[in-house]
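Asker:
Numbering (the numbering used here), first residue to last: 232 to 498.
#1: Determine the extent of the beta strand (DSSP E) in which residue 324 is found, giving its start and end residues.
#2: Of the choices 254, 330, 301, 243, whose alpha-carbon is the least far from that of residue 207?
#3: Assuming residue 436 is part of the alpha helix (DSSP H), what are its boundary residues?
#4: Using only CA atoms, which one of 304, 253, 311, 300 lies nearest to residue 281?
#5: Using three-state DSSP, classify residue 294 as helix, strand or coil.
#6: Indicate whether residue 199 and residue 389 have their beta-carbon atoms separated by less than 8 angstroms.
#7: Take the Cβ of residue 353 as the centre, count every other Cβ of all protein chains shown within 10 Å, and call the residue buried at 16 or more, exposed below.
#8: Taking the DSSP output, what are the residues bridged to residue 424?
#9: To the nearest angstrom, how far is it from the Cα of residue 396 to the Cα of residue 265?
#10: In the DSSP assignment, find the beta strand (DSSP E) that holds residue 339 and state where it starts and stops.
#11: At the 8 angstroms Cβ level, is residue 482 part of the contact set with chain D, yes or no?
#12: For a test of the three-state rule: what should DSSP assign to residue 460, helix, strand or coil?
#13: Compute the beta-carbon to beta-carbon distance between residue 245 and residue 426, rounded to the nearest angstrom, for a pair I have assumed lies under 8 angstroms.
#14: Residue 306 to residue 268, Cα distance in whole Å?
#15: Is the stretch 362-377 close to the stretch 326-334, with three or more CB pairs under 8 angstroms?
#16: Between 323, 290, 289, 336, which has its C-alpha nearest residue 316's C-alpha?
#17: In whole angstroms, what is the alpha-carbon distance linking residue 370 and residue 343?
#18: Does DSSP put residue 479 in a helix, in a strand, or in coil?
#19: Is it right to say residue 248 is buried, meaning 16 or more other beta carbons lie within 10 angstroms of its own, or is it exposed?
#20: Roughly how many angstroms lie between the CA atoms of residue 211 and residue 379, to the nearest whole one?
#21: For the alpha helix (DSSP H) holding residue 404, just list the boundary residues, first then last.
#22: Given 7 angstroms as the limit, tell me if residue 366 has its C-beta closer than that to any heavy atom belonging to the ligand ADP.
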């Protein structure tokens, strides 16, 4: 699927959209899966808009998408994919609710547990986590949320199981760093989009920016762009990924960093 003219590989690491429980705190009290909130409608609109932005502004195509199994990430990915694969110019569309027709052959999508939320109380409130530690994710049910015809049935997941509850924050950060590299190395001639959680986006910046920039905040649907050089025959990548500072991507760098002045801060 990669372009024969590719000289660089790009990996875009994106946070999910606006989650319901942050707008309706009482939702978790009656939810069957309080650890797995969906998006609010505005979150879907935001995600679809980012997908359109990718089409118009990235400067390179997305060939393959990888998604966290959490519903908010799956719904975010669905909106972005619809925008990326739209058959017609969808300037009047705000989300998939507007009936966007797509060409599913444009990219492939896979779910991987390695892109999941940090499995600890820093990310998921203890009272919302399942008492038996079983978060009850099913890959087939996750895939059903994604656009029909886009699933790559041949994909071998990097993380076959969800990390155990009580994962350390350091362990989660290592996991995000690890899966970014493994997925990129597995598909070196393709540009990837990883739809994950805020900490995953933060890791992609701190690990790959020149001065290991400290991230203060990752907004809903914020994204980072990583780039590395390919060799002449594209069989392997050479060099390390670097974070591209592209301005208004929703990532807020700590004010203590000199580079913070270069970031366009999102209100």
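Cβ atoms here follow ideal geometry from the backbone N, Cα and C, with glycine treated the same way. Please read these numbers as outputs of a predicted model, since none were measured by experiment.
Answerer: The short version:
#1: It is not in any beta strand (DSSP E) - residue 324 carries neither H nor E in the DSSP assignment.
#2: Lying outside 232 to 498, the shown extent of the chain, residue 207 is not represented and no answer is given.
#3: 429-439
#4: The shortest C-alpha separation from residue 281 is found at 311.
#5: In the displayed model, residue 294 falls within coil according to three-state DSSP, outside both helix and strand.
#6: As displayed, the chain neither begins before 232 nor continues past 498, which places residue 199 out of reach and without an answer.
#7: exposed
#8: 243, 296
#9: 15 angstroms
#10: 339-342
#11: In the structure shown, chain D cannot be found, because there is only a single protein chain.
#12: strand
#13: 5 angstroms
#14: 11 angstroms
#15: no
#16: Measuring from the Cα of residue 316, the nearest candidate turns out to be 336.
#17: 9 angstroms
#18: Of the three classes helix, strand and coil, the one that applies to residue 479 here is coil, per DSSP.
#19: Residue burial annotation: residue 248 is buried, with at least 16 other C-beta atoms found within 10 angstroms of its C-beta.
#20: With the chain running from 232 to 498 in the structure shown, residue 211 is simply not present.
#21: 400-417
#22: As presented, the structure is devoid of all ligands, the ligand ADP included, so that no description of it is given.
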